[in-house]
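Start counting at 1 in the sequence shown, then tack on 41, and there's your number in our numbering.
No residue lacks a Cβ here, since even glycine has one placed at the ideal position from N, Cα and C.
The structure displayed is predicted, hence computed values, not measured ones.
The block underneath contains the structure these notes are about, expressed in structure tokens.
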Amino acid sequence: MSTLVSGIAELVTNDPALGPGPLGIVADAAMVVDDGRVAWVGPAAAAPAADARIDVDGRAVLPGFVDSHSHLVFAGERSAEFEARMSGVPYDGGGIASTVAATRAADDDRLRSRLRALVGEMRAQGTTTVEVKSGYGLTVDDEARALRLAHEVTDETTFLGAHVVPAEYAGRVEEYVALVTGPMLEACAPFARWVDVFCEPASPHAFDGPASRAVLEAGRAAGLGLRVHGNQLGPGPGVQLAVELAAASVDHCTYLTDADVDALVSGDTVATLLPGVEFSTRQPYPDARRLLDAGVTVALATDCNPGTCFSSSMPICIALAVREMRMTPAEAVWAATAGGAAALRRDDVGRLGVGARADLCVLEAPSYRHLAYRPGVPLARALDVVNP
Ligand code: NIG
Ligand code: FE
């Protein structure tokens, strides 16, 4: 059954062939959706007939947000750690251990209901594709469980057994890396599309360059795509390692040298910026302008997790990117949609040209600009074309 979506004041397609600029904007637009895909896009005056019709009454429509970085399988919360940070206590990854303990102690239903609630929060704010990482289990069984649960809600699942070295392996990093690259990877790979590592020599809890390389190379040998947490807390090898190994994305990118930027320019690894993290840790924001002006592909994601950013809101990331990172509203919206799709190596989401998935985000506003112009206002929601 085909559905005509009419009354679109401004349609962001991210297809420059359909309209001006990288956002490919069509004003006074309509769209036909058939079998979950975009079948036709153009000016309302030229719209063909369809079996059903939804009128969005002068609202803007965007591709649903693609949140390419989140950690949604966990129990407990760390608001006291957040409060301490706001008074000046720095973040170093140490708090992850308390979430690991709470997650190991939780049963499947508790983890599942938290996970589903967060995915629901995201959808209610316009996110239609979400990547979900493991990383709060850190045993073979607990990591495999996290990925099995994550796989119930998304195909974009990431094995992050190398999140931190768990307490029982303190001082035995090499043995833990052997576990991650051996039995843990074997148990997790069937449920994962990606492997990730917290590459951060500046943290006493995370992994250095050689350990990170071992994790990524083992993941690649098991058929997984590569992602990296890099350069969040200080300069480090994460970005250059990610580019060298042709990772799909390197995420955080807060502390970059000229050589890191040069590496990103020379490769096709996406730089995923997570401004909710800097908001929630009082770290300096990444220099998005330096990356964009150099020609690097930039994505925005929430990193939703109980430690560094307990927000599921892509609109807040967009507003922060514009206000604090000097991205234009158009650059930020592109990064939160097409950028996220690039970071997940997807061409069926993050755009609304013919053939794309009809994953729509509708705004209680006439233009995408309102996402940054009206921060904190619940303007965005995912639109289900079949059951609106
Ligand atoms: O992406 N940096 C490492 N991992 C998460 C934070 C996890 C936590 O603190 O619970 C991040 O910021
Ligand atoms: Fe993260």
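- Secondary structure remark: continuous alpha helix (DSSP H) runs of at least 4 residues inside the segment 179-255, in chain order: 181-194, 214-220, 226-229.
- With the rule of 3 Cβ pairs closer than 8 Å, the segment 394-401 counts as touching the segment 42-59.
- Annotation for residue 190: 114, 149, 152, 153, 156 place their beta carbon closer than 8 Å to its own, counting only its chain and skipping 5 residues before and after.
- Spatial neighbours of residue 420 in its own chain (CB-CB distance under 8 Å, excluding positions within 5 residues in sequence) are listed in chain order as 356, 404, 405, 406, 411, 412.
- Closest option to residue 85, judged by alpha-carbon separation, among 386, 107, 51, 423: 51.
- Counting every other CB atom within 10 Å of its CB across the protein chains shown gives residue 216 a total below 16, marking it as exposed.
- Following the DSSP letters along the chain, one finds residue 387 in no alpha helix (DSSP H), marked with neither H nor E.
- Relative to the non-hydrogen atoms of the ligand FE, the Cβ of residue 346 comes within a distance shorter than 7 Å of at least one.
- Relative to the non-hydrogen atoms of the ligand NIG, the Cβ of residue 378 never comes closer than 7 Å to any of them.
- Beta-bridge analysis with DSSP links residue 270 to 239, 292.
- In the three-state DSSP reduction, residue 258 falls in the helix class (H, G or I).
- Distance between residue 208 and residue 250, taken at the CA atoms: about 21 Å.
- Here residue 118 carries a coil assignment [DSSP, helix/strand/coil].
- When 64, 237, 46 are compared, the shortest CA-CA separation from residue 375 is found for 64.
- When the Cα atoms are used, residue 347 and residue 226 turn out to be separated by approximately 24 Å.
- Distances from the alpha-carbon of residue 160 to those of 139, 111, 200, 179 put 111 closest.
- Within the DSSP bridge table, the entry for residue 49 names 70, 100 as partners.
- The beta strand (DSSP E) runs of length 3 or more contained entirely in the segment 292-319 are, from start to end of the chain, 311-314.
- Taken in chain order, the whole beta strand (DSSP E) runs of length 3 or more contained in the segment 310-384 are 311-314, 339-341.
- With respect to residue 302, residue 268 sits apart: the two C-beta atoms are not nearer than 8 Å.
- Per DSSP, residue 57 has no beta bridge partner at all.
- Residue 423 is bridged by DSSP to 402.
- Collapsing the DSSP output to three states places residue 80 in a strand.
- By the criterion of a C-beta distance shorter than 8 Å, residue 369 is surrounded in its chain by 363, once the five residues flanking it on both sides are discounted.
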